[in-house]
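Structure, as C-alpha cells:
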Amino acid sequence: MKTDVLVIGGGIAGAATAYYLACEGVEVTLVETHDLNTQASGANAGSIHVQIQHPEFVSLGPDWARAYGPTLRLLVASQKMWLEIGDELGVDLDVKLAGGLLIATTEKQMRQIEAKARIERGFGVPIEMLDRHSLRAHAPYLADNVIGGGFCPAEGKANPLKATPAFAAAAQRRGASIRTQTRILAVEAISTGYRIQTDKGVIEARRVVNAAGAAAAQIAAMLGVSIDLQGVPLQVTVTEPVAPLIPHLVYSAAGKLSLKQAHNGSCLIGGGWHAQRLPDGRLVTNPQHLTGNMINAAAVAPALAQARALRSWTATVNGTDDWKPIIGEVPGHKGFFLSLFPWVGFSAGPITARLTADLVMGRPPRMSLEGVSALA
Ligand SMILES: Cc1cc2nc3c(=O)[nH]c(=O)nc-3n(C[C@H](O)[C@H](O)[C@H](O)COP(=O)(O)OP(=O)(O)OC[C@H]3O[C@@H](n4cnc5c(N)ncnc54)[C@H](O)[C@@H]3O)c2cc1C
Numbered sequence: 001m002k003t004d005v006l007v008i009g010g011g012i013a014g015a016a017t018a019y020y021l022a023c024e025g026v027e028v029t030l031v032e033t034h035d036l037n038t039q040a041s042g043a044n045a046g047s048i049h050v051q052i053q054h055p056e057f058v059s060l061g062p063d064w065a066r067a068y069g070p071t072l073r074l075l076v077a078s079q080k081m082w083l084e085i086g087d088e089l090g091v092d093l094d095v096k097l098a099g100g101l102l103i104a105t106t107e108k109q110m111r112q113i114e115a116k117a118r119i120e121r122g123f124g125v126p127i128e129m130l131d132r133h134s135l136r137a138h139a140p141y142l143a144d145n146v147i148g149g150g151f152c153p154a155e156g157k158a159n160p161l162k163a164t165p166a167f168a169a170a171a172q173r174r175g176a177s178i179r180t181q182t183r184i185l186a187v188e189a190i191s192t193g194y195r196i197q198t199d200k201g202v203i204e205a206r207r208v209v210n211a212a213g214a215a216a217a218q219i220a221a222m223l224g225v226s227i228d229l230q231g232v233p234l235q236v237t238v239t240e241p242v243a244p245l246i247p248h249l250v251y252s253a254a255g256k257l258s259l260k261q262a263h264n265g266s267c268l269i270g271g272g273w274h275a276q277r278l279p280d281g282r283l284v285t286n287p288q289h290l291t292g293n294m295i296n297a298a299a300v301a302p303a304l305a306q307a308r309a310l311r312s313w314t315a316t317v318n319g320t321d322d323w324k325p326i327i328g329e330v331p332g333h334k335g336f337f338l339s340l341f342p343w344v345g346f347s348a349g350p351i352t353a354r355l356t357a358d359l360v361m362g363r364p365p366r367m368s369l370e371g372v373s374a375l376a
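Everything in the sequence shown is counted per the UniProt record's numbering, starting at 1 for the first residue and increasing by one.
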C-alpha cells in the first residue's frame, strides 16, 4: 500500500501526531506493533509535569538545568493544551491541574528547591515558595516534619488510559488509517520517499514519523541513523481507592517520589523507580524499589500507610541522558522525522505531536526548538 505520511508507534506521540496531521487533511497511516496505548503511554503514572524533576536537578546540577531550561517552555505549552484537549477530542480525560508540590524536610532541601525555582521561573514556569504554615494550609495531609516547599500551580494529572485512545479515535474520524498488530521490520530510502517492510506487507510513504518511544533508536538504526535514546524499565504502584485525600501532584526532595490520587480515589505512587529486566527481556517489579517507593510515599503522606497497595506494574520509558527531546527531520534523510520526548513524554505528548505535525507540513514549528532538540 501507499500513504503520504506513515507514523510509527501507537503511543501518545504517534496517535496525537496522526490526529494533528489528519486535521490538516493529510493522508496518514499509523502502524503499531501491539495494540494502541499498550506501552509507556498507557502504563505511565499520569502526572502532568511542568517543573524540572528534583532528583535530576540535584544529580546533574544547575548548569544542566539552565541548558534544559528551553525545554520547560514546551512543557508549559503542553500543559495549556491539556486544559483544552478533552473538549477538542470529545472525551473527558480526567485532567485536573491542582498544582504540584515539591516538599522539603530540611533547610538544605529548601535551598535546593529555591535554586531550582529561580532557574525555572526564567523559562516561564510559575513556582511559589511556601513556608511550613502556608504549605499546611494547602496540604493538611502532609507529614509533620515537612518544613516547606515549592508549589507549581500548573501541574496535575490526566488519565493515561484515555488520552491516547482519544487522540487515535479522533484521528480516525478525520480520515487517518490505523493498523495495529503490525510490526515495522525495515525502512529504506527510495526515490519517492521510504519503503517500509512490515510483518503484514510493504508500505511506501512519502514521509515517515518515528514515534516509536523506547524502540525509536532501533527504528532509526534501520536507516543507519544513530540516536542517543535508551529504553529504561520503570515501575508504578497503585493503592485501593481511598477517600479524597491528595488533590495535588506531590514530589519529595528527600527521595524519589511522585504521588497523586486518581479520579477513582486510588493513589498512584511512582517517581522514576527502576524495574528489573530479566535475562529473557521480561520486566518485573524490583521489590527493594517497591519498598523504597512506598516508604517515601508514607513518609510524605502518613495516611497512605493505611492504604493497601493493590498492584504494581512495569513499562519501558524512552530516556535520553540530557533529558532533551529529539524532534525534527533527520539531516540527510529528507522526510524522515523523529517525534520523541523522553522521561515525561506523557505530559509533553500534545506539544510534541503539534510541533512534529508543523515540521511534517513543512512549516516552521509554532515554538522554537532551538536549544531544545538536537535536530533544531
Ligand atoms: C512506568 C512509567 C511511568 C511514567 N510516568 C509518567 C508520568 O507520570 N508523566 C509523564 O509525563 N510521563 C511519564 N512517563 C513517560 C511517558 O509515559 C513516556 O515518555 C511517553 O508515554 C512516551 O510516549 P511515546 O508515544 O513516545 O512512546 P510509547 O507510548 O512507548 O509508544 C511507542 C509505540 O511504538 C510502538 N513500536 C515500537 N516499535 C515498533 C515497531 N517496530 N513497529 C511498530 N510499532 C512499534 C510501541 O509498541 C509503542 O506502542 C512514564 C513512563 C513509564 C514507563
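Just so it is clear, CB atoms sit at the ideal spot from N, CA and C, and this is done for glycine as well.
Pull the bridge partners of residue i from the DSSP assignment, please.
i: arginine 311; result: Val238
i: lysine 157; result: Ser47 and Lys96
i: isoleucine 85; result: Bridge partners of isoleucine 85: none, in fact.
i: leucine 249; result: Gly100
i: glycine 201; result: Thr198
i: leucine 259; result: Val250 and Ile269
Closer than 7 Å: is that where the CB of residue i sits relative to any heavy atom of ligand 1?
i: leucine 340; result: yes
i: tryptophan 82; result: no
i: glutamate 56; result: no
i: isoleucine 203; result: no
i: arginine 183; result: yes
i: isoleucine 219; result: yes
i: alanine 40; result: yes
i: glutamine 276; result: no
i: tryptophan 343; result: yes
i: threonine 316; result: yes
i: asparagine 44; result: yes
i: glutamine 306; result: no
i: threonine 285; result: no
i: glycine 292; result: no
i: histidine 49; result: yes
i: threonine 33; result: yes
i: phenylalanine 151; result: no
i: phenylalanine 123; result: no
i: phenylalanine 346; result: yes
i: valine 236; result: yes
i: glycine 11; result: yes
i: glycine 328; result: no
i: serine 258; result: yes
i: alanine 22; result: no
Suppose you measure from the CA of residue i to the CA of residue j; what does that come to, to the nearest Å?
i: alanine 220; j: glutamate 188; result: 11 Å
i: proline 55; j: valine 330; result: 31 Å
i: aspartate 63; j: isoleucine 52; result: 13 Å
i: threonine 71; j: glycine 328; result: 14 Å
i: proline 153; j: leucine 6; result: 38 Å
i: residue 388; j: alanine 253; result: One cannot answer for residue 388 here, as it falls past the ends of the chain, which runs 1 to 376.
i: glutamine 172; j: arginine 66; result: 40 Å
i: alanine 158; j: histidine 49; result: 11 Å
i: proline 140; j: aspartate 358; result: 44 Å
i: leucine 283; j: alanine 315; result: 7 Å
i: alanine 299; j: leucine 101; result: 15 Å
i: lysine 200; j: alanine 212; result: 18 Å
i: leucine 30; j: proline 287; result: 37 Å
i: serine 47; j: isoleucine 246; result: 13 Å
i: isoleucine 190; j: arginine 207; result: 11 Å
i: methionine 81; j: threonine 164; result: 14 Å
i: glutamate 84; j: asparagine 296; result: 33 Å
i: valine 236; j: leucine 75; result: 22 Å
i: alanine 15; j: alanine 168; result: 5 Å
i: leucine 290; j: leucine 36; result: 27 Å
i: proline 118; j: histidine 248; result: For the record, residue 118 in the displayed sequence is arginine; it is not proline. Spanning the two alpha carbons is a distance of roughly 22 Å.
i: histidine 138; j: glutamate 128; result: 12 Å
i: alanine 243; j: leucine 278; result: 37 Å
Please return the same chain residues whose Cβ sits closer than 8 Å to the Cβ of residue i, not counting the five positions on each side in sequence.
i: asparagine 210; result: Ile8, Gly9, Ala216, Ile219, Ala220, Phe336, Phe337, Leu338, Ser339 and Leu340
i: glycine 332; result: none
i: arginine 308; result: Thr239 and Glu240
i: leucine 234; result: Gly270, Gly272, Trp273, His274, Ala275, Thr314, Ala315, Thr316 and Val317
Leaving out five residues on either side along the sequence, give the residues of the same chain with a beta carbon under 6 Å from the beta carbon of residue i.
i: methionine 222; result: Ala186 and Val187
i: leucine 135; result: Gly148 and Gly149
i: glutamine 197; result: Leu185 and Ala186
i: arginine 179; result: Val31
Under 7 Å Cβ to Cβ from residue i, same chain only, skipping five residues before and after it: list those, please.
i: arginine 183; result: Thr33, Thr198 and Asp199
i: methionine 361; result: Glu24
i: proline 365; result: Leu355, Asp358 and Leu359
i: valine 372; result: Pro70, Thr71, Leu74, Lys324 and Pro325
i: leucine 89; result: Ala166, Phe167 and Ala170
i: proline 350; result: Ala16, Ser78, Met81, Trp82 and Ile85
i: proline 126; result: Cys152, Pro153 and Ala154
Contained alpha helix (DSSP H) runs [length at least 4] in the stretch 97 to 131, N- to C-terminal order: Whole alpha helix (DSSP H) segments, 4+ residues: 107 to 121.
Counting only runs of 3+ residues fully inside the stretch 265 to 344, write out the beta strand (DSSP E) ranges in chain order. Counting whole runs of 3 or more residues, the stretch 265 to 344 contains the beta strand (DSSP E) stretches 267 to 270, 309 to 319, 326 to 329 and 336 to 340.
| task | Quick one: which unbroken beta strand (DSSP E) runs of 3-plus residues sit fully inside the stretch 140 to 197? Chain order, please. | result | Within the stretch 140 to 197, the complete beta strand (DSSP E) runs of at least 3 residues are 148 to 152, 177 to 179 and 184 to 190.
Notebook entry, point to check: Of all the alpha helix (DSSP H) runs that stay within the bounds of the stretch 18 to 79, which reach a length of 4 or more residues?
Noted result: Uninterrupted alpha helix (DSSP H) stretches at least 4 residues long and entirely within the stretch 18 to 79 occur at 40 to 43, given in chain order.
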